[in-house]
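Worksheet: one structure, shown below.
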Amino acid sequence: MTLQLNWSQAKTLFQRLGSVIGLLLLFIVLSVLSPDFLTTGNLLTVLRQVSINALIAFGMTFVILSGGIDLSVGAILAFTGAITASLMAAGHGMVLSVGAGLALGAVLGMVNGALVSWGRVAPFIATLGTVTLLRGLTLAYTQGSPIPVTNPGFAMLGGGYIANLIPLPVIWMAVAFILCGFLLRGTVFGRHVVAIGGNEEAARLSGVRISPMKLAIYGLSGLLSAFAGVVLTSRLYSAQATAGAGYELDAIAAVVLGGTSLAGGRGWLFGTLIGALLIGFLNNGLNLLGVSSFYQQVVKGIVILIAVLLDRRQ
Amino acid sequence: MATPLVSMHDIHKAFGPVKVLEGVDFELIAGEVHALMGENGAGKSTLMKILTGIYAPDSGTIQVDGKPVSITTPADAEKYGIAIIHQELNLIPALSVADNLFLGREIQRFGLLDRKAMVKKAMEWLAQVGMEKLDPDTLVERLSVGTQQMVEIARALGQNARVLIMDEPTAALTEHETTTLFKLIRALREKGTGIVYVSHRMEEIFALCDRISVLRDGKFVGTRPVPGLAFDEVVKMMVGRTLEARFPARTSTPGKVRLQVEHISGGMVKDVSFDLRSGEVLGVSGLLGAGRTELARLLFGLDKPSEGRVLLDGEVVTATNPNQAIHAGFGFLTEDRKAQGLVLDLSLRENVSLPRVPAHIGLVDRRGEKTQTRGLIEALKIRTRDMELNVSALSGGNQQKVVLAKWLALKPRVLILDEPTRGVDVGGKAEIYHIINQLAEQGVAILMISSELPEVLAMSDRILVMHEGHATALLEAHGATQETVMTAATGGH
Ligand SMILES: Nc1ncnc2c1ncn2[C@@H]1O[C@H](COP(=O)(O)OP(=O)(O)OP(=O)(O)O)[C@@H](O)[C@H]1O
Ligand SMILES: [Mg+2]
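Structure (structure tokens):
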């Protein structure tokens, strides 16, 4: 690594640092306002809460970078969660059940990808369709009642701790961040994701196979949503048909707060992590300060709007 | 002398630490066509963007009719009667021709769009630029680049500008359209319009312009009247030295047949057959809409041929997408670099390696990628401080070299070049010709589509002439003349 930055890199870095500065400011303000904020327990709890959104948002980053959007993440989370839980309830082992849930998530994502690429449906519409479909299927499958999980090993996935301190979901988040970051920056796949978002036609003419790429991109998003579903189901000891409602908006907000352009072709994964943390700490801070949940929504909305406005000014 | 229409004095402009303009003076008088020349990256487009309020100068003054003015937005420029046709196309593909012509100044009646009036006006404007056959309701995305350029020109003319800036307007035009445009420019000059004409085509400059101003490396070199001015002197002002031959001699001798195209049809293209040998440059000439680009698209797997077949080194190729065509050994430099050639938000390095990222089992080999890019930057003499710079910050000519670099990295067996020197300066053109020669020496078979006849005549071994989708002639370049090519291109015999 060289420390020498050229002008355009320096400019991008400065623009990107906005979200980091925002997070630091929030941190300082909350530390001053609430004595309960800056405690190891509280911080780790927030990290645990953030992890679900972060996992989904990492996948969403790939989708948005490629110029698409995925509204079906919450629905995939609920459906795969229900399937995983019911497989275990039927007496199958944890490895098989979780594996099946993750595979199903990837396949459902690829269905989105197929609709978008071969079906030529706009991503917004295609994934909106899948949401309705999957929500319906999940309700029909569970008959609207939660599916309890009793497998103790499984319960560890979302509820366990390392060294009695760090929640396992935080570890999953860190691992997923490193893997996805490497996928994005270090592999040909990642390069092609950004190229497609930047100029799909130029990418196609350069020999990038757009359709398989989109299958993989939405598949990755589905896989990570399913993984988030597994973690959530484990933590709640049950799968709920309505789980993950509205998660797509939190994930999109994290990506956008992190400075990734909704138009595609420009962005970074670290920003998404920061974005997810910002949302998490904001929620936590407002709770600690006793702000009613109605106003919490309002504040969150305002923060997102400000971030987007600042981003537009470049 | 009369008060100049526009005079710019001591203009400075830097992007970050990069000084792009350093003390430039420029003056335009009414009723003249004033050429602005300079190498790629000299700062011509930047100077004109300052005059039209797209960029703000760091210092310097602008006067219109002798009065100091401040032009900070494109609307200001319009107010002073200054219109520009940009180097890169700026139409909205999903809107119709009429919608584009009136974008931002729609005709309204009772607060509603008056489509009828706009279509009627649009037809008038199009007729002015010799495009009366174009239906104003056509979507822009269906038009060829050349036609789009004519639409842009019609739009600028519709503003009744007193100052009209044309930044390489003919780069996408064929001879015929160019002739129409020149007639138009001369008529405007008669009416007293001041015209700034940016171009890298020497013939045009000498045929059309009254004065020439030259920029070199962001500095003002001088202004000269065209009558009595020698070609070599202009080149010397631009590059600071005299240049060897404009067209280097062809060096390779064609070898065995590499590409056989047999009775291929599809879309515009009707029953075209030809052979292309390794080490041969086959020029493709023709008017707008002759089907030249369509032919290239068929070969590259972008469109599906309805009939005929293609053989590469004796084997039938059936590429149904660019990826397969590339693997078969094709490379295709497209004519529209902004829409099809480059990912503007990516760096030079990332663009160059897009067709094939140096990698081991899917992992990017950063060092290999940098070495490859550095080699290509040197080979093509791309002017940039840094390979990490976004390609959007490069000058037009340097962007074109980046697109070429992309394909060189792939070492194709057949390279299709669609307008390879569009927007490239004299020196850069010579460099690209050298590279074409080198590639041919290495045995690459080159299909070179070009609207610049001197280029086709000088750089090809043979010339395929197309007219309305048919191949009307296959000439030996040696002995061919502008006239023989044009006759075949217009369908005469
Ligand atoms: N937005 C920008 N940011 C950074 N550098 C820029 C920007 N726009 C232009 N430049 C740089 O300014 C220089 C002059 O560019 P300009 O486009 O004016 O050249 P030009 O004379 O029009 O060249 P060409 O003949 O290739 O069109 C180039 O080196 C280019 O890289
Ligand atoms: Mg220019």
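Line order of the protein sequences matches chains A and B. For what it's worth, this note's numbering labels the leading residue of the first sequence as 1, then goes sequentially. For what it's worth, this note's numbering labels the leading residue of the second sequence as 315, then goes sequentially. Just so it is clear, CB atoms sit at the ideal spot from N, CA and C, and this is done for glycine as well.
Kindly indicate which three-state DSSP category His490(B) falls into: helix, strand or coil?
Within the second sequence, numbered from 1, the residue matching residue 490(B) stands at position 176. Correct three-state label for His490(B): helix.
Within 7 Å of chain A by C-beta, residues of the segment 664 to 694 of chain B in sequence order:
Glu664, Leu668, Pro669, Val671, Ala673, Gly676, Leu677, Val678
I'd like to know whether the C-beta atoms of Ala486(B) and Gly460(B) end up nearer to each other than 7 Å.
Within the second sequence, residue 486(B) is the residue found at index 172, counting from 1. Within the second sequence, residue 460(B) is the residue found at index 146, counting from 1. Yes; because the gap between Cβ atoms is below 7 Å, this pair is in contact.
Chain A within 7 Å of Gln654(B), Cβ atoms only:
Translated into positions along the second sequence, residue 654(B) becomes position 340. Yes, because at least one Cβ of chain A sits closer than 7 Å to the Cβ of Gln654(B).
From which residue to which residue does the beta strand (DSSP E) around Phe340(B) run?
Within the second sequence, numbered from 1, the residue matching residue 340(B) stands at position 26. Per DSSP, Phe340(B) belongs to the beta strand (DSSP E) from 332 to 342.
I want to see whether chain B comes within less than 7 Å of Val188(A), judged by CB atoms only; does it?
In the first sequence, the residue the question calls residue 188(A) occupies position 188. Chain B contact via Cβ: present.
According to DSSP, residues forming a beta bridge with Thr187(A):
The residue given as residue 187(A) occupies position 187 in the first sequence. Answer by DSSP bridge pairing, in chain order: Leu677(B).
From Gly99(A) to Gly737(B), what distance separates their C-alpha atoms?
Translated into the one-based positions of the first sequence, residue 99(A) becomes position 99. Translated into the one-based positions of the second sequence, residue 737(B) becomes position 423. Computed Cα separation, rounded: 56 Å.
In terms of residue numbering, what span does the beta strand (DSSP E) encompassing Leu511(B) cover?
Walking along the second sequence from the start, residue 511(B) turns up at place 197. Note that residue 511(B) is Tyr in the sequence shown, not Leu. Counting along the chain, the beta strand (DSSP E) containing Tyr511(B) begins and ends at 508 to 512.
Would the beta-carbon of Leu184(A) fall within 7 Å of that of Leu269(A)?
Here residue 184(A) refers to the residue found at position 184 when the first sequence is read from its first residue. Here residue 269(A) refers to the residue found at position 269 when the first sequence is read from its first residue. Yes.
Using a Cβ-Cβ distance cut-off of 7 Å, determine whether Gln314(A) contacts chain B.
As a working mapping, residue 314(A) is identified with position 314 in the first sequence. Note that Gln314(A) scores a pLDDT of 47, beneath 50, so its modelled location is shaky; the value from the coordinates is reported in the next line. No, Gln314(A) lies away from the interface with chain B (no Cβ there is under 7 Å from its Cβ).
Which chain A residues are close to Leu660(B), counting only those with a beta carbon under 7 Å from its beta carbon?
If you number the second sequence from 1, residue 660(B) lands on position 346. What Leu660(B) touches in chain A: Val194, Ala195, Gly198.
Contact criterion: CB-CB distance below 7 Å. Does Pro636(B) meet it with respect to chain A?
In the second sequence, counting from the first residue as 1, residue 636(B) sits at position 322. Answer yes: the Cβ-Cβ gap between Pro636(B) and chain A drops below 7 Å somewhere.
Beta-carbon proximity check, Val170(A) vs Ser261(A), cutoff 7 Å:
What you label residue 170(A) is simply residue 170 of the first sequence in a count that begins at 1. What you label residue 261(A) is simply residue 261 of the first sequence in a count that begins at 1. Cβ distance not < 7 Å, so Val170(A) and Ser261(A) don't count as in contact.
Looking only at C-alpha atoms, which of Leu724(B), Lys695(B), Ala544(B) sits nearest to Gln713(B)?
For the purposes of this step, residue 713(B) is identified with residue 399 of the second sequence, where counting begins at 1. Closest option to Gln713(B), Cα to Cα, is Lys695(B).
Burial state of Leu417(B) (16 or more Cβ within 10 Å)
The sequence position of residue 417(B) within the second sequence is 103, counting from 1. By the 10 Å Cβ count, Leu417(B) comes out exposed.
Could you check if Gly741(B) belongs to the surroundings of ligand 1, using beta carbon to heavy atom distance under 6 Å?
For the purposes of this step, residue 741(B) is identified with residue 427 of the second sequence, where counting begins at 1. No - ligand 1 has no heavy atom lying nearer than 6 Å to the Cβ of Gly741(B).
Checking the sheet assignment: what are the DSSP bridge partners for Gln377(B)?
Against the second sequence, residue 377(B) aligns to sequence position 63. DSSP lists Ser321(B), Pro382(B) as partners of Gln377(B).
Leaving out five residues before and five after Gly395(B) in sequence, what residues of the same chain have Cβ atoms less than 7 Å from its Cβ?
Taking the first residue of the second sequence as position 1, residue 395(B) is located at position 81. For Gly395(B), where only same-chain residues beyond five positions count, the Cβ hits under 7 Å are Ala475, Arg476, Val477.
Nearest to Asp339(B) by alpha carbon, out of Phe329(B), Gly355(B), Leu365(B)?
Indexing the second sequence from 1 puts residue 339(B) at position 25. The option with the nearest alpha carbon to Asp339(B) is Leu365(B).
Which same chain residues end up closer than 7 Å to Arg651(B) when comparing Cβ atoms and leaving out the 5 residues on each side of it in sequence?
Position 337 of the second sequence, counting from 1, holds the residue named residue 651(B). Counting only Cβ-Cβ distances below 7 Å, and skipping sequence neighbours, we find Gln713, Gln714, Val717.
Quick one: using the 10 Å Cβ neighbour count with 16 as the cut-off for buried, is Ile306(A) buried or exposed?
Residue numbering aside, residue 306(A) sits at position 306 when the first sequence is read from its first letter. Under this definition Ile306(A) is an exposed residue.
Just tell me which of Ile398(B), Ala397(B), His400(B), Gly367(B) has its CA closest to the CA of Ser384(B).
For this step, residue 384(B) is matched to residue 70 along the second sequence. Comparing Cα positions, the closest option is Gly367(B).
Over the uninterrupted alpha helix (DSSP H) stretch that includes Met351(B), give me the two end residues.
Position 37 of the second sequence, counted from the start, is the residue given in the question as residue 351(B). First-last for Met351(B): 347 to 351, but that is the beta strand (DSSP E), not the alpha helix (DSSP H).
Would DSSP call Asp413(B) helix, strand or coil?
Stepping through the second sequence from its first residue, residue 413(B) is reached at position 99. Residue state, collapsed to three classes: helix.
Kindly say whether Ala90(A), judged by its beta-carbon, lies nearer than 7 Å to any beta-carbon of chain B.
Here residue 90(A) is taken as the residue at index 90 of the first sequence, counted from 1. It does not; no Cβ of chain B falls within 7 Å.
Roughly how many angstroms lie between the CA atoms of Ser661(B) and Lys381(B), to the nearest whole one?
On the second sequence, position 347 is the one that residue 661(B) refers to. On the second sequence, position 67 is the one that residue 381(B) refers to. Spanning the two alpha carbons is a distance of roughly 42 Å.
Please go through the same chain and pick out, in chain order, the residues whose beta-carbon is closer than 7 Å to the beta-carbon of Lys570(B), but skip the five residues on each side of it.
Numbered from its first residue, the second sequence carries residue 570(B) at position 256. Arg591, Ser592, listed in sequence order.
Any chance the segment 221 to 240 of chain A sits against the segment 158 to 174 of chain A, with 3 or more Cβ pairs inside 8 Å?
yes
So, is the C-beta of Leu205(A) closer than 7 Å to a C-beta in chain B?
The residue you call residue 205(A) lines up with position 205 of the first sequence. It does; some Cβ of chain B falls within 7 Å.
Quick one: what does DSSP say Thr279(B) is sitting in, helix, strand or coil?
This structure cannot settle anything about residue 279(B), because the visible part of chain B is limited to 315 through 807.
Under the DSSP definition of a beta bridge, which residues are partnered with Asp617(B)?
Residue mapping note: residue 617(B) aligns to position 303 of the second sequence, counting from 1. Paired residues: none, contrary to the question.
With contact counted as at least three CB pairs below 8 Å, one residue from each stretch, are the segment 277 to 284 of chain A and the segment 77 to 86 of chain A in contact?
no
Quick check on Ile147(A): does DSSP put it in helix, strand or coil?
Taking the first sequence and counting its residues from 1, one reaches residue 147(A) at position 147. Ile147(A): strand per DSSP, three-state reduction.
Please classify Phe79(A): does DSSP put it in a helix, a strand, or coil?
Within the first sequence, numbered from 1, the residue matching residue 79(A) stands at position 79. Helix.
For Asp70(A), the nearest candidate out of Gly285(A), Ala263(A), Glu248(A), Ala276(A) (CA to CA):
Counting from one through the first sequence, the residue named residue 70(A) turns up at place 70. Checked all of Gly285(A), Ala263(A), Glu248(A), Ala276(A); the closest Cα to Asp70(A) is Glu248(A).
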